[in-house]
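First the structure, in the form of structure tokens, and then the observations on it.
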Amino acid sequence: MHNTFEIKTNGPGLYEFTEAVRSWVIGTGVVTLFVQHTSCSLLVQENADPEVQTDLRNLFERLVPPSTDPSMRYLTHTYEGPDDMPAHIKAALLPVSLSIPVIEGRLALGTWQGIYLFEHRNRPHLRSIAGCMQNTA
Amino acid sequence: MHNTFEIKTNGPGLYEFTEAVRSWVIGTGVVTLFVQHTSCSLLVQENADPEVQTDLRNLFERLVPPSTDPSMRYLTHTYEGPDDMPAHIKAALLPVSLSIPVIEGRLALGTWQGIYLFEHRNRPHLRSIAGCMQNTA
Amino acid sequence: MHNTFEIKTNGPGLYEFTEAVRSWVIGTGVVTLFVQHTSCSLLVQENADPEVQTDLRNLFERLVPPSTDPSMRYLTHTYEGPDDMPAHIKAALLPVSLSIPVIEGRLALGTWQGIYLFEHRNRPHLRSIAGCMQNTA
Numbered sequence: 096m097h098n099t100f101e102i103k104t105n106g107p108g109l110y111e112f113t114e115a116v117r118s119w120v121i122g123t124g125v126v127t128l129f130v131q132h133t134s135c136s137l138l139v140q141e142n143a144d145p146e147v148q149t150d151l152r153n154l155f156e157r158l159v160p161p162s163t164d165p166s167m168r169y170l171t172h173t174y175e176g177p178d179d180m181p182a183h184i185k186a187a188l189l190p191v192s193l194s195i196p197v198i199e200g201r202l203a204l205g206t207w208q209g210i211y212l213f214e215h216r217n218r219p220h221l222r223s224i225a226g227c228m229q230n231t232a
Numbered sequence: 096m097h098n099t100f101e102i103k104t105n106g107p108g109l110y111e112f113t114e115a116v117r118s119w120v121i122g123t124g125v126v127t128l129f130v131q132h133t134s135c136s137l138l139v140q141e142n143a144d145p146e147v148q149t150d151l152r153n154l155f156e157r158l159v160p161p162s163t164d165p166s167m168r169y170l171t172h173t174y175e176g177p178d179d180m181p182a183h184i185k186a187a188l189l190p191v192s193l194s195i196p197v198i199e200g201r202l203a204l205g206t207w208q209g210i211y212l213f214e215h216r217n218r219p220h221l222r223s224i225a226g227c228m229q230n231t232a
Numbered sequence: 096m097h098n099t100f101e102i103k104t105n106g107p108g109l110y111e112f113t114e115a116v117r118s119w120v121i122g123t124g125v126v127t128l129f130v131q132h133t134s135c136s137l138l139v140q141e142n143a144d145p146e147v148q149t150d151l152r153n154l155f156e157r158l159v160p161p162s163t164d165p166s167m168r169y170l171t172h173t174y175e176g177p178d179d180m181p182a183h184i185k186a187a188l189l190p191v192s193l194s195i196p197v198i199e200g201r202l203a204l205g206t207w208q209g210i211y212l213f214e215h216r217n218r219p220h221l222r223s224i225a226g227c228m229q230n231t232a
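Below, the structure is given as structure tokens:
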């Protein structure tokens, strides 16, 4: 069983879509999520305190600053904007695919875990995530 | 076929559980492992020289120091202790799920690969990893 | 359905093998790829502009310099060469496994996505990637 999850983004940060996945999975097996872009990521993270999401966004902004930053002047792929190559780097450091067990229709997430799209680009985007629910016999 | 692997941890570092997975998988297909927490990770790494594990722990301690470190003073999620938000960051940088092919009952691991839980918190924890063995026809 | 993809490498950088996977997958389901080494990685990245691949290689070289670099002198696993422990660290930061949906024989990749082996060692290597194609009913 396949699906495509679409998420509209407005700048860097985490966009939760746990409920869209939760209400779609069925039976027992594994759900696979795969983000079809190279400048955003998937992430499983704490869904309780929104400060965690702010801190994550700020950490990655410091770890991989814009290509206009003096520390990043060795970058060559800069013509799509100062946020483009750093977005590819963040996409390399964070998951492109997730595999989550499903038991009797329920995602095997921990109590505080949510599923997020992590947007790395500044401009608004429409992002697509391919999903596949595989049921075991 | 589903299972939950439980691991007791006593501070940051790698805890191997390859044998628990190896003795549980069966037939031919894929085993999925998913850690149900946001402050520890899964990792496949070298199981030969324990220095590799020490170096990995020290690298991540330097890459993401405690929130009391001057370089981390922009963090806001600090009330659960100086090791808490850095643990979430490390959990974002390292795998939450692993998918490993299984052929006739054997994990398709390389010669030097072991499966680890990477604990990022200081205090003792009991960690749960959801596992699903999917057999192909 | 299982397979092993073999890739010869000649130093650090990205080696694309999208076509080998594309021509092998069949039907509808999920393909799992798992690299059987601890000093190279899998990666899904942009396949349009080769500058992206150059920048990624240079970024990781700066993020994790050779163990002879003064900033890395705390490393202890150094007897296999100055590129060895940094290779393990990069392998921890980048994917060891990928799960990609397949729909009617086609990989659910985005327009600009390619599948790469990311080599972290200096000397030539022959690398193996275990693949499993799981078809849903």
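Residue numbers (the working numbering), protein chains in the order written: chain A, 96 to 232; chain B, 96 to 232; chain C, 96 to 232. Cβ atoms here follow ideal geometry from the backbone N, Cα and C, with glycine treated the same way.
Exercise for review: Mark E141 (chain A) as exposed unless 16 or more other C-beta atoms lie within 10 angstroms of its C-beta, in which case mark it buried.
Suggested key: buried
**Study point:** Neighbouring residues, chain A, relative to F112 (chain B) (Cβ below 8 Å)
**Key:** None at all; the shortest Cβ gap to chain A is about 16 Å.
**Study point:** Residue of A:W119, A:S223, A:F100 and A:Q131 minimising C-alpha distance to E199 (chain A)
**Key:** Proximity to E199 (chain A) across A:W119, A:S223, A:F100 and A:Q131 peaks at A:W119, based on C-alpha coordinates.
Review point. Taking Cβ to Cβ, would you say L138 (chain C) is nearer than 8 Å to A187 (chain A)?
Key: yes
Check your understanding: For G108 (chain C), which of C:R218, C:I224 and C:M228 has the nearest alpha-carbon?
Key -> C:R218
Practice item. State buried or exposed for Y169 (chain C), treating a residue as buried only when at least 16 other CB atoms are found within 10 Å of its CB. Key: exposed
Practice item. Would you give the residue range spanned by the alpha helix (DSSP H) that H220 (chain B) belongs to? Key: Note, H220 (chain B): premise wrong, no alpha helix (DSSP H); beta strand (DSSP E) at P219 to N230.
Exercise for review: Can you say whether P165 (chain B) is buried or exposed, counting buried as having 16 or more other CB atoms within 10 angstroms of its CB?
Suggested key: With fewer than 16 other beta carbons inside 10 angstroms of its own, P165 (chain B) counts as exposed.
Exercise for review: Please name the residue in C:Q131, C:D179, C:H97 and C:E146 whose C-alpha comes closest to that of G122 (chain B).
Suggested key: Ranking the options by Cα distance to G122 (chain B), first place goes to C:H97.
Check your understanding: Which residues in the same chain have their Cβ closer than 6 Å to the Cβ of I195 (chain A), if we skip the five residues on either side of it in sequence?
Key -> V126 and L202
Exercise for review: For V125 (chain A), go through chain B and note every residue whose CB falls closer than 7 Å to its CB, in chain order.
Suggested key: Under the 7 Å cutoff, chain B gives T127, C227 and Q229.
**Study point:** C-alpha gap between V174 (chain C) and E156 (chain C), whole angstroms
**Key:** Reading off the sequence shown, one finds Tyr at residue 174 (chain C), where the question assumed Val. Using only the alpha carbons, I get a separation of about 19 Å.
Point to revise | chain A contact residues for Y169 (chain B), given Cβ-Cβ distances below 9 Å | key: Residues of chain A passing the Cβ test: D150, N153, L154 and R157.
Review point. If you draw a straight line from the C-alpha of P66 (chain B) to the C-alpha of R216 (chain A), how long is it?
Key: Residue 66 (chain B) cannot be examined here, being either before or after the span of chain B that is shown, 96 to 232.
Point to revise | Coarse secondary structure for N105 (chain C), derived from DSSP in three states | key: Per DSSP, reduced to three states, the secondary structure at N105 (chain C) is strand.
Review point. For chain C, is any of its Cβ atoms less than 8 Å away from the one on L193 (chain B)?
Key: L193 (chain B) counts as touching chain C.
Practice item. Give the secondary structure of I184 (chain B) by DSSP, where H, G and I count as helix, E and B as strand, and everything else as coil. Key: helix
Point to revise | Proximal residues to R152 (chain B) (C-beta, below 6 Å), its chain only, five neighbours per side dropped | key: P107 and G108
Review point. Chain A partners of P196 (chain C), CB-CB under 8 Å?
Key: Under the 8 Å cutoff, chain A gives H97, T127, F129, A225, G226 and C227.
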